[in-house]
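Taken in order, these protein sequences are the chains called S and B.
Using numbering that gives the first Met the number 0, you'd call the opening residue of the first sequence number 0 and step up by one each time.
Using numbering that gives the first Met the number 0, you'd call the opening residue of the second sequence number 0 and step up by one each time.
By construction, the Cβ of each residue, glycine as well, lies at the ideal position given by its N, Cα and C atoms.
Please read all numbers here as calculations on a predicted model, not as lab measurements.
Everything on this sheet refers to the single structure shown next.
There are 2 protein chains.
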Amino acid sequence: MENKITRIVIVEDNEVVKDGFALLLNSIEEYDVVNSYVKCEDAIKNLKNDQSDIILMDLELPGMHGIEGIQRIKKEIPDLNIIVITVHEDSELVFQALCAGASGYITKTANYSSLLEAINEIKAGGAPMSSRIARMVVESFQKNQDSPLTRRETEVLELLSKGKSYSIISEELFIHKETVKSHIKNIYFKLQVHSKAEAIEKALKEKLI
Amino acid sequence: MENKITRIVIVEDNEVVKDGFALLLNSIEEYDVVNSYVKCEDAIKNLKNDQSDIILMDLELPGMHGIEGIQRIKKEIPDLNIIVITVHEDSELVFQALCAGASGYITKTANYSSLLEAINEIKAGGAPMSSRIARMVVESFQKNQDSPLTRRETEVLELLSKGKSYSIISEELFIHKETVKSHIKNIYFKLQVHSKAEAIEKALKEKLI
DNA sequence: AAAACTATACACCATTTTGGGGTAAATTCC
DNA sequence: GGAATTTACCCCAAAATGGTGTATAGTTTT
Chain S
0 MENKITRIVI VEDNEVVKDG FALLLNSIEE YDVVNSYVKC EDAIKNLKND QSDIILMDLE
60 LPGMHGIEGI QRIKKEIPDL NIIVITVHED SELVFQALCA GASGYITKTA NYSSLLEAIN
120 EIKAGGAPMS SRIARMVVES FQKNQDSPLT RRETEVLELL SKGKSYSIIS EELFIHKETV
180 KSHIKNIYFK LQVHSKAEAI EKALKEKLI
Chain B
0 MENKITRIVI VEDNEVVKDG FALLLNSIEE YDVVNSYVKC EDAIKNLKND QSDIILMDLE
60 LPGMHGIEGI QRIKKEIPDL NIIVITVHED SELVFQALCA GASGYITKTA NYSSLLEAIN
120 EIKAGGAPMS SRIARMVVES FQKNQDSPLT RRETEVLELL SKGKSYSIIS EELFIHKETV
180 KSHIKNIYFK LQVHSKAEAI EKALKEKLI
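Dropping the structure here:
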């Protein structure tokens, strides 16, 4: 519809990569790389002036780490779309970046076309991700298939993890409070723990709930 | 590398769509639609025989709902990739499908090319999703930007939601137990609740933690 | 500079919850 | 028919919770 220019900012400490991206994007009519920085701090300082629609951002940067940078940027301009571009496929980093507010996460590859695709996808309201990243994200929703817990135990543990007391759980499951206790005793035994907190921690880590 | 044929099964109650997909996919050399069903139950019955690599599946089906179908299929053959193809963009359905074990979720659109893309992406180890679905998924990681809670309160509530007691929380934050209590009092007041369970419920619903 | 908010800490008190030890019947699944 | 699961009950002491209320130092905002 509208033929608005997409304003892009790049934050990347590798000058070659940074300038390469800028050159590539500027060669396309509807894109305008309004500024590019080596450090988050500088990008944040110029947020208002740059008025960018999209920020392409590396994570390992000199000074402030990219994760924190994302948080600060999103806090100031929540509607700004940030695409992480990094070599790291470490799942912890991926989730941290997404939690911090990134709208996309692509890994640096040889081909530039995926970068352009990502920007188009963002403009279309999507969330561009490399294949493996997307799979990680989707798998994070899925439970461990071979849980030692029975269906009922899992149900009880789920409610327990929502902070509910034995009494409330018993009401919600229409069973006796002492039965809930029995289940919890069995859960603790199976997970080799001795308290609610430990059980929940283990359950979350092993994706039992 | 290997020129293995990809075996595909379709579960879709709309015969026109089902046969359309089958025709399209069979027209491509490396794909083979080994079977197609109108009901989950039938697909599950023939899982072992079909030996499929990928299942394309609608969610609203006669008889067993697709979500349950996914669960059963994944339970039997965890490595089988299931792509949901539906008209529904309802976020609850999306998350339920992913939790049940779907590896992709695309919405029915006019163009067939996205279907082919999805299958290629699955084969490449990815998780194909329509733009809007991907965005929903990514946003599910992000917290509410305008939380009424302070940083510290959020921290306390986060630990509380992991089943930790006041004492444990105080130890982990290096503050006095009574201080934790003060924070929790304030949290309860701000969220207008009167118990841990209510606070956690509200916090999760409003994505404060 | 004043006001508002935030993080910290303490006291008292009744009630509820938790976790440990048992035991055992009914039901469902293989 | 036997194993696993779900259900239910007993005793008991320690711990946790939630509702009062007060207070001070530091930070941020106006």
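CB contact flag (residue i, residue j, <8 Å)
i	j	result
valine 179 of chain S	valine 155 of chain S	yes
glutamate 29 of chain S	isoleucine 54 of chain S	no
valine 86 of chain B	glycine 65 of chain B	no
glycine 125 of chain S	arginine 134 of chain B	yes
leucine 207 of chain S	leucine 115 of chain S	no
asparagine 34 of chain B	aspartate 49 of chain B	yes
phenylalanine 94 of chain B	phenylalanine 140 of chain S	yes
leucine 190 of chain B	alanine 196 of chain B	no
Check: residue i C-beta below 7 Å from any heavy atom of the ligand MN
i	result
serine 112 of chain B	For the ligand MN, the structure offers nothing, since it holds no ligand at all.
Residue i at chain B interface by Cβ criterion, 8 Å
i	result
proline 147 of chain S	no
glycine 124 of chain S	yes
leucine 97 of chain S	yes
glycine 62 of chain S	no
arginine 71 of chain S	no
glutamate 120 of chain S	yes
Residue i to residue j span [Cα, whole Å]
i	j	result
valine 10 of chain S	aspartate 89 of chain B	35 Å
leucine 24 of chain S	valine 32 of chain S	7 Å
tyrosine 187 of chain S	isoleucine 168 of chain B	21 Å
isoleucine 81 of chain S	glycine 100 of chain S	7 Å
glutamate 14 of chain S	valine 8 of chain S	14 Å
alanine 123 of chain B	asparagine 110 of chain S	16 Å
cysteine 98 of chain S	methionine 128 of chain S	15 Å
alanine 117 of chain B	glycine 103 of chain B	8 Å
alanine 21 of chain S	aspartate 78 of chain S	22 Å
serine 181 of chain B	glutamate 157 of chain S	27 Å
aspartate 218 of chain S	methionine 63 of chain S	Look at the range of chain S in this structure, 0 to 208, and you will see that residue 218 of chain S is not part of it.
glutamate 177 of chain B	glutamate 67 of chain S	31 Å
tyrosine 165 of chain B	asparagine 45 of chain B	53 Å
phenylalanine 173 of chain S	aspartate 57 of chain S	52 Å
isoleucine 72 of chain B	serine 146 of chain S	17 Å
glutamate 91 of chain S	valine 192 of chain S	25 Å
alanine 202 of chain B	glutamate 170 of chain B	23 Å
valine 16 of chain B	isoleucine 76 of chain S	43 Å
isoleucine 132 of chain B	arginine 150 of chain B	30 Å
arginine 6 of chain S	tyrosine 36 of chain S	14 Å
lysine 107 of chain S	lysine 74 of chain S	26 Å
histidine 175 of chain B	glutamate 200 of chain B	26 Å
isoleucine 183 of chain S	serine 194 of chain B	21 Å
Rounded Cβ spacing between residue i and residue j (contact assumed at less than 8 Å)
i	j	result
isoleucine 69 of chain B	alanine 96 of chain B	6 Å
glycine 162 of chain S	serine 160 of chain B	6 Å
threonine 59 of chain S	asparagine 143 of chain S	Looking at the sequence provided, one finds glutamate at residue 59 of chain S rather than threonine. Between asparagine 143 of chain S and glutamate 59 of chain S the Cβ distance is about 31 Å, and since that is not below 8 Å, they are no contact.
proline 61 of chain B	lysine 38 of chain B	6 Å
serine 130 of chain S	glutamate 40 of chain B	With a Cβ gap of about 32 Å, serine 130 of chain S and glutamate 40 of chain B do not count as contacting.
serine 112 of chain B	isoleucine 105 of chain B	Between isoleucine 105 of chain B and serine 112 of chain B the Cβ distance is about 11 Å, and since that is not below 8 Å, they are no contact.
asparagine 185 of chain B	glutamate 152 of chain B	6 Å
Residue-chain proximity (residue i, chain S), Cβ-Cβ < 8 Å
i	result
methionine 128 of chain B	yes
lysine 195 of chain B	yes
glutamine 273 of chain B	The question about residue 273 of chain B has no answer here: the residues shown for chain B are numbered 0 through 208.
glycine 100 of chain B	yes
valine 137 of chain B	yes
phenylalanine 188 of chain B	no
lysine 47 of chain B	no
lysine 74 of chain B	yes
alanine 117 of chain B	no
glutamate 67 of chain B	no
alanine 133 of chain B	yes
Short of 8 Å Cβ to Cβ, which residues in the segment 143 to 173 of chain S face chain B?
Gln144, Leu159, Ser160, Lys161, Gly162, Lys163, Ser164 and Ile167
Compile a chain-ordered list of the residues in the segment 196 to 207 of chain B whose CB is closer than 9 Å to at least one CB of chain S.
Answer in chain order: Ala196, Glu197, Ala198, Ile199, Glu200 and Leu203.
Under 8 Å (Cβ pairs) to chain B, residues found in the segment 4 to 37 of chain S
none
Identify each residue in the segment 85 to 96 of chain B for which the Cβ-Cβ distance to at least one residue of chain S is less than 8 Å, and report them in chain order.
Phe94
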